[in-house]
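Under the working numbering, the residue at position 310 of the sequence shown is numbered 310, and the numbers go up by one with no gaps.
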Amino acid sequence: MARKFLFMFVLVLSILTATARDYNVVEYGAKADTTVLSTKALQQAIDDCAKAGGGRVVVPTGPYKIGSIVLKSNVHLYLEHGATLYGSTDLKDYQPMKSDYVSLRTQTSTIQLIYADRVKNVVIDGLGTIDGRGRSFKKLSWNDEGITRPHLIRFIQSQDITVKDVTLRNSGCWMQHYLACDRVRIEDIKVFNRNNYNNDALDIDGCHEVIVKGIMADSDDDGITLKSTSPRLCEHIRISDCVISSHCNAVKLGTETNGGFRNINISGIVVKPSDDQQEKFFGQWTGTSALSLEIVDGGVLENVSAADFTVEGTESPIFIRLGNRGRGYRLREAGGTLSGKGNDDTITELIPVDHVGSIDGIRLENFQICHAGPVGCSITGLKGYPVRNVWLSNISIHHQGGVKASDLSAINEAIADEKEKAYPEATMWGNLPAKGFYLRHTRNVHFDNVTVLTEAPDARPDFVRDDAE
1 MARKFLFMFV LVLSILTATA RDYNVVEYGA KADTTVLSTK ALQQAIDDCA KAGGGRVVVP
61 TGPYKIGSIV LKSNVHLYLE HGATLYGSTD LKDYQPMKSD YVSLRTQTST IQLIYADRVK
121 NVVIDGLGTI DGRGRSFKKL SWNDEGITRP HLIRFIQSQD ITVKDVTLRN SGCWMQHYLA
181 CDRVRIEDIK VFNRNNYNND ALDIDGCHEV IVKGIMADSD DDGITLKSTS PRLCEHIRIS
241 DCVISSHCNA VKLGTETNGG FRNINISGIV VKPSDDQQEK FFGQWTGTSA LSLEIVDGGV
301 LENVSAADFT VEGTESPIFI RLGNRGRGYR LREAGGTLSG KGNDDTITEL IPVDHVGSID
361 GIRLENFQIC HAGPVGCSIT GLKGYPVRNV WLSNISIHHQ GGVKASDLSA INEAIADEKE
421 KAYPEATMWG NLPAKGFYLR HTRNVHFDNV TVLTEAPDAR PDFVRDDAE
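Structural data, given as structure tokens:
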């Protein structure tokens with residue numbers, strides 16, 4: 001009986017393996033020539049693969065130029081070593097895509113090089129490269145990401161997504177955006193994104209059950225970023241073993257925080273300045289922060305841990321902020337708007353945020369920080385809305401220092417403005433009253449084995465507490 005079962009299992013497996021064939025894009029007419037557009041060939045290979053129930057779409061060694069392509073369920077896009085997909089530099093080659101899931105930073109239609117909505121079991125991997133040539137798309141307005149400057153990769157409302165081993169370069173804005181997805185794995189990829197504004201390396205937005213591991217990222221804007229542009233939280237997420245360079249925030253939870261963040265585990269992060277210091281669109285040359293944890297749009301942040309950070313540079317390495325910017329959001333789901341008004345071509349009016357969010361339950365351990373700027377670190381809430389239950393242990397901060405006693409009056413004057421509605425940024429007040437940690441409106445914040453050293457003498461104390469219990 002056991003032998004019969006084993007035979008049937010092997011037979012079924014062999015049948016499944018046989019049906020999952022390769023679809024070589026060259027056989028569909030793709031040309032290893034960047035003067036020729038190979039979008040139709042690649043899309044046809046994807047479509048045929050999906051219709052057959054799945055398989056592997058293979059991009060052989062060579063340079064290929066494409067516009068927008070749409071991935072389908074059960075498709076494995078494989079880039080051979082030496083294969084490069086170059087994004088077209090002509091906006092006419094990018095197809096606007098409309099999703100039935102619309103949130104704050106999501107327009108009714110967006111453009112991207114690689115797009116997928118409501119797909120399952122999709123893989124992008126191989127030792128090849130995807131290069132968006134994003135410098136070709138000029139910033140024309142403040143919120144033009146995905147409008148006149150394409151994303152490189154965008155997945156919406158999808159499940160069981162894997163991106164691994166590939167190199168991603170030069171997006172027109174955010175490199176990769178995963179919105180309202182479940183079970184995402186991003187592993188051992190290299191990201192270089194320093195050629196335009198809003199050049200984040202990775203954005204996880206309202207996703208559940210995500211593993212990010214082994215990324216090497218060098219971005220002008222934020223590195224690994226969790227967002228929540230709708231009431232859907234980011235939750236159950238593990239980030240580990242990454243090397244990150246950023247002019248802004250290496251690891252950031254925020255800024256968009258309508259839902260918030262729950263059960264987030266981060267460890268084994270190396271933060272370093274970029275080797276390329278020739279150009280900067282945003283932030284600071286050595287980076288703004290190593291870790292920023294923010295709630296400013298009514299969401300919640302709870303049960304977040306970060307450990308084993310090795311940090312070189314950044315102006316203000318650790319930033320924890322509960323504010324009240326209160327930015328609203330728009331949302332549409334399949335079958336109409338949340339309000340029940342309109343149709344599939346409309347979205348809700350702006351849904352206001354009329355409450356302050358919460359931060360409760362953070363543990364930071366084993367941070368080794370050197371060559372930081374003089375700003376200091378901060379943990380700040382609002383009057384009546386404190387940051388609660390934070391544990392910080394085994395943290396060593398070595399920074400520039402140099403603040404004089406004569407500077408303290410101006411520092412205290414600046415910090416008196418709580419900037420409740422302001423955009424949260426680790427440098428938002430300039431140098432802080434403490435050279436280590438400044439606390440305001442906090443409850444139950446614990447420090448254990450925290451040391452602060454400065455290269456130049458600094459008149460500030462290590463810790464300053466204001467409305468802190």
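Glycine included, C-beta positions come from ideal geometry on N, C-alpha and C.
Complete runs of the beta strand (DSSP E) confined to the region 28-115 [at least 3 residues]:
55-59, 62-66, 75-79 and 83-87
Simplified DSSP assignment, three categories, for R232
As a working note, residue 232 is residue 232 in the sequence shown. Correct three-state label for R232: coil.
Which value, in whole angstroms, describes the spacing of the CA atoms of P150 and T225?
The residue given as residue 150 occupies position 150 in the sequence shown. The residue given as residue 225 occupies position 225 in the sequence shown. Cα-Cα distance, rounded: 18 Å.
Look at G214 and R232 and say whether their C-beta atoms are less than 7 Å apart.
The residue given as residue 214 occupies position 214 in the sequence shown. The residue given as residue 232 occupies position 232 in the sequence shown. For G214 and R232, no; Cβs fall outside 7 Å.
Alpha-carbon spacing of R115 relative to Y438, whole angstroms:
By 1-based counting over the sequence shown, the position of residue 115 is 115. By 1-based counting over the sequence shown, the position of residue 438 is 438. The sequence as given places Tyr at residue 115; Arg does not occur at that position. Straight-line Cα distance between these residues: approximately 43 Å.
Range covered by the alpha helix (DSSP H) that runs through E455:
Position 455 of the sequence shown, counting from 1, holds the residue named residue 455. Counting along the chain, E455 falls outside any alpha helix (DSSP H), though it belongs to the beta strand (DSSP E) covering F437 to A456.
In the region 162-191, which residue ranges form an unbroken beta strand (DSSP E) of at least 3 residues, counting only runs that do not cross its ends?
167-169, 176-179 and 182-187
Just checking, does the region 263-275 make contact with the region 427-444 on the three C-beta pairs under 8 Å criterion?
no
Shortest alpha-carbon distance to V166 belongs to which of A52, S158 and G126?
Here the question's residue 166 lines up with position 166 in the sequence shown. For V166, the nearest C-alpha among the options comes from G126.
Between the alpha carbons of H236 and H208, how many angstroms are there, rounded?
Numbered from its first residue, the sequence shown carries residue 236 at position 236. Numbered from its first residue, the sequence shown carries residue 208 at position 208. Computed Cα separation, rounded: 6 Å.
Would you identify the three-state DSSP class for L408, choosing helix, strand or coil?
Taking the first residue of the sequence shown as position 1, residue 408 is located at position 408. Note: L408 maps to helix in three-state DSSP.
With a 10 Å radius around its C-beta and 16 neighbouring C-beta atoms as the bar for buried, classify Y423 as buried or exposed.
Sequence index remark: in the sequence shown, residue 423 carries index 423 (1-based). Flag for Y423 reads exposed.
Buried versus exposed, by CB contacts within 10 Å (16 or more), V212:
Translated into the one-based positions of the sequence shown, residue 212 becomes position 212. Classification of V212: buried, given that the 10 Å Cβ count is 16 or more.
CB-CB length for D200 against D218, believed under 8 Å
To locate residue 200, count along the sequence shown from 1; it is residue 200. To locate residue 218, count along the sequence shown from 1; it is residue 218. Between D218 and D200 the Cβ distance is about 12 Å, and since that is not below 8 Å, they are no contact.
Residue from N366, C370 and R388 with nearest C-alpha to N449
By one-based count along the sequence shown, residue 449 stands at place 449. Of the candidates N366, C370 and R388, the one whose C-alpha sits nearest the C-alpha of N449 is N366.
Using a 10 Å radius around the Cβ and a threshold of 16 neighbouring Cβ atoms, would you call Q278 buried or exposed?
Your numbering for residue 278 matches position 278 in the sequence shown. That one is exposed.
Quick one: grab the DSSP three-state call for G134.
Counted from its first residue, the sequence shown places residue 134 at position 134. Of the three classes helix, strand and coil, the one that applies to G134 here is helix, per DSSP.
Which value, in whole angstroms, describes the spacing of the CA atoms of K404 and H76?
Residue numbering aside, residue 404 sits at position 404 when the sequence shown is read from its first letter. Residue numbering aside, residue 76 sits at position 76 when the sequence shown is read from its first letter. Each residue's alpha carbon lies about 59 Å from the other.
Find out if the Cβ-Cβ distance for the pair I161, F155 is shorter than 7 Å.
Along the sequence shown, read from residue 1 onward, the residue named residue 161 stands at position 161. Along the sequence shown, read from residue 1 onward, the residue named residue 155 stands at position 155. Going by C-beta atoms, I161 is nearer than 7 Å to F155.
Contacting residues, own chain, Cβ-Cβ under 6 Å from G67 (five flanking each side not counted)
Taking the first residue of the sequence shown as position 1, residue 67 is located at position 67. Answer for G67: T39, S88, D93 and Y94, listed in chain order.
For K138, count neighbouring Cβ atoms within 10 angstroms of its own Cβ and tell me buried if that reaches 16, exposed if not.
Position 138 of the sequence shown, counted from the start, is the residue given in the question as residue 138. Under this definition K138 is an exposed residue.
Tell whether a beta-carbon distance below 7 Å holds between R56 and Y78.
As a position in the sequence shown, residue 56 is number 56, starting the count at 1. As a position in the sequence shown, residue 78 is number 78, starting the count at 1. In this structure, Y78 lies closer than 7 Å to R56 by Cβ.
Which listed residue (M175, N170 and D205) has its alpha carbon closest to that of R183:
As a working mapping, residue 183 is identified with position 183 in the sequence shown. Cα-wise, what sits closest to R183 is D205.
Proximal residues to H355 (C-beta, below 6 Å), its chain only, five neighbours per side dropped
Mapped onto the sequence shown, residue 355 falls at position 355. Contacts found: G298.
Span of the beta strand (DSSP E) around A307
Taking the sequence shown and counting its residues from 1, the one referred to as residue 307 is at position 307. That run of the beta strand (DSSP E) goes V300 to E312.
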